[in-house]
Amino acid sequence: MNWEQLLSLKRFGDTAERLRITQDETRLGFEVDYDRIIFSSAFRSLQDKTQVIPLSETDFVHTRLTHSLEVSVVGRSLGRLAGKKILEKYPELQYELGYKANDFGAIVAAAALAHDIGNPPFGHSGEKAIGEFFINGEGQKYKNELTPKEYQDLCEFEGNANGFKILTESRKGREGGLRLSYATLGAFTKYPKESLPKKPTAHIADKKYGFFQSEKEAFIDVANSLGLQKRSETDISFSRHPLTFLVEAADDICYTIIDFEDGINLGLIPEEFALEYLSKITRHNIKPENYYSLTTPEDRIGYLRALAIGSLIDDAVNVFMDNEDAILKGEFNCALLDKSKYDAQIKDIIKISVDKIYQSKDVIDKEIVGYGVIKTLLNAYTHAVNNTFKSQASNYDKLILKSLPTSLQTNQTSLYKRLLSVCHYVASLSDSKAILEYKKIKGIGF
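Just so we're aligned: 582 in the working numbering is position 374 of the sequence shown, and the numbers increase by one with no gaps anywhere.
Have a look at this one:
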């Protein structure tokens, strides 16, 4: 892979090549990507979607929206720092083609901003709940009517693939979805493969999948245009866009440090653990007099959090550049933080977060609620959509259908596309909207 091709400004439907050297410096194409994402309705819905603590009533706990904004900020720093070093290594990118360090930052920031845009309500349990409906619930009856890869898309419904669908799916009057640059779409795709075969290798790019069968042609176009390296001759699988490693690092840094901070602010983790664990990462730049001059727990934890994120950013960029040749060859097979000099400290923080936050009774109880809500919605919607298609709709089915948006593809001849459209709609709901729809179907509170 080569950087000139990887930094493509191409957008869906382009008939002429977009050159960086001719870009308007006041509104660069990569910055347009960021704007299109942040003004999208799918991004706005993240303000009421769970990050870690479902349906939290406190002000300081992160939602998917605040998490995504923070990941984007960290991603921008990672991209700019790495971009500066890449341009030093490949000066022709700057002097002949016009690329600047901020271009790398803008690509990573936009991709990071969108990294959770396809996630369903109720956190990762929302993904599992959709999959469970097709594995063990009412949805398993569709198995024999779908191809193995179509069925796998539904059984392991993937927020990353749903995000790619949101960003690229055409609809009337909006061909090519948000029409982002191919560089940003490439950096966004953490798992550039289809749902089967499942985890064919231990390579980080094979951990999950990155697009549904409905978007495979769009992904192939993006991958080929960027010159991503093919990893399979029989299935759709490519090496990651190099900047994807920085997007992933931004997410890893934020959820490691900031989820830990949320746990402390919620009282799930004692404050003294912050100093014990975070000081091991910040020991080279912490100033004790500054720390002890702060009078509130939130300020002290915030100080440590800021220093820890800064240390991890610098370290991730060093790992990226040390392995840049291998990354371009598709030979780097793990996350950047897996090679971090702070790996032991990161694992310690994640372990305590798992024990004290992710497996806390409050989180588990609300995830159980999420399972029930999503199961009920999928059951009602899939029945209504498929019965209508077969001209077998009951009066109840017709009422359900009227409550769904007209954008839902209920008249698709493909069963797979009808089912996926329902899952896509359910995944688009915020936590509160999903509960409201559940109550409507159950006749609660009316």
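For glycine and all other residues, C-beta sits at the position ideal for the given N, C-alpha and C.
By the criterion of at least three beta-carbon pairs nearer than 8 Å, the segment 323-340 is in contact with the segment 366-386.
Per DSSP, reduced to three states, the secondary structure at F427 is helical.
A distance below 7 Å between beta-carbons, with the five flanking residues on each side excluded, links A395 to the following residues of its chain, in chain order: I315, V316, A319, H449, L451, T452 and V455. Assigned with DSSP and collapsed to three states, F446 falls in strand. By the C-beta density criterion, F342 is buried, having at least 16 other C-beta atoms within 10 angstroms. For G371 and A413, the gap between their C-alpha atoms comes out near 16 Å.
In chain order, R219 and F220 place their CB closer than 6 Å to the CB of R387, counting only its own chain and leaving out the 5 sequence neighbours on each side. The shortest CA-to-CA distance from A410 to any of G306, F540, E239 and L236 is the one to F540. Beta-bridge partners of R252 (DSSP): none assigned.
Under the three-state reduction of DSSP, R379 is assigned to strand. A residue is called buried once 16 or more other Cβ atoms fall within 10 Å of its Cβ, and A224, having fewer, is exposed. Here the C-alpha atom of V571 lies approximately 17 Å from the C-alpha atom of S638. Restricting attention to beta strand (DSSP E) runs no shorter than 3 residues, the segment 289-355 encloses none.
For I643, the enclosing alpha helix (DSSP H) covers residues D639 to K650. Distances from the CA of H323 to each of S615, E346 and V282 were compared; the closest alpha carbon is that of V282.
The three-state reading of DSSP puts K438 in strand, counting E and B together. Note that the C-beta distance between A524 and S501 is not below 8 Å. K406 and A552 have their C-alpha atoms roughly 29 Å apart. Between the C-alpha atoms of G345 and K648 there is a straight-line separation of about 21 Å. Contact between the segment 485-505 and the segment 574-588 is not established, with fewer than three Cβ pairs separated by less than 8 Å. The beta carbon of E239 is closer than 7 Å to those of A314 in its chain, skipping five residues each way along the sequence. The alpha-carbon of N210 is positioned some 45 Å away from that of P496. Of the other Cβ atoms in all chains shown, fewer than 16 fall within 10 Å of the Cβ of T234; this residue is therefore exposed. Around Q302, the same chain offers L295 and K308 as residues with beta carbons nearer than 8 Å, after the five sequence neighbours per side are excluded.
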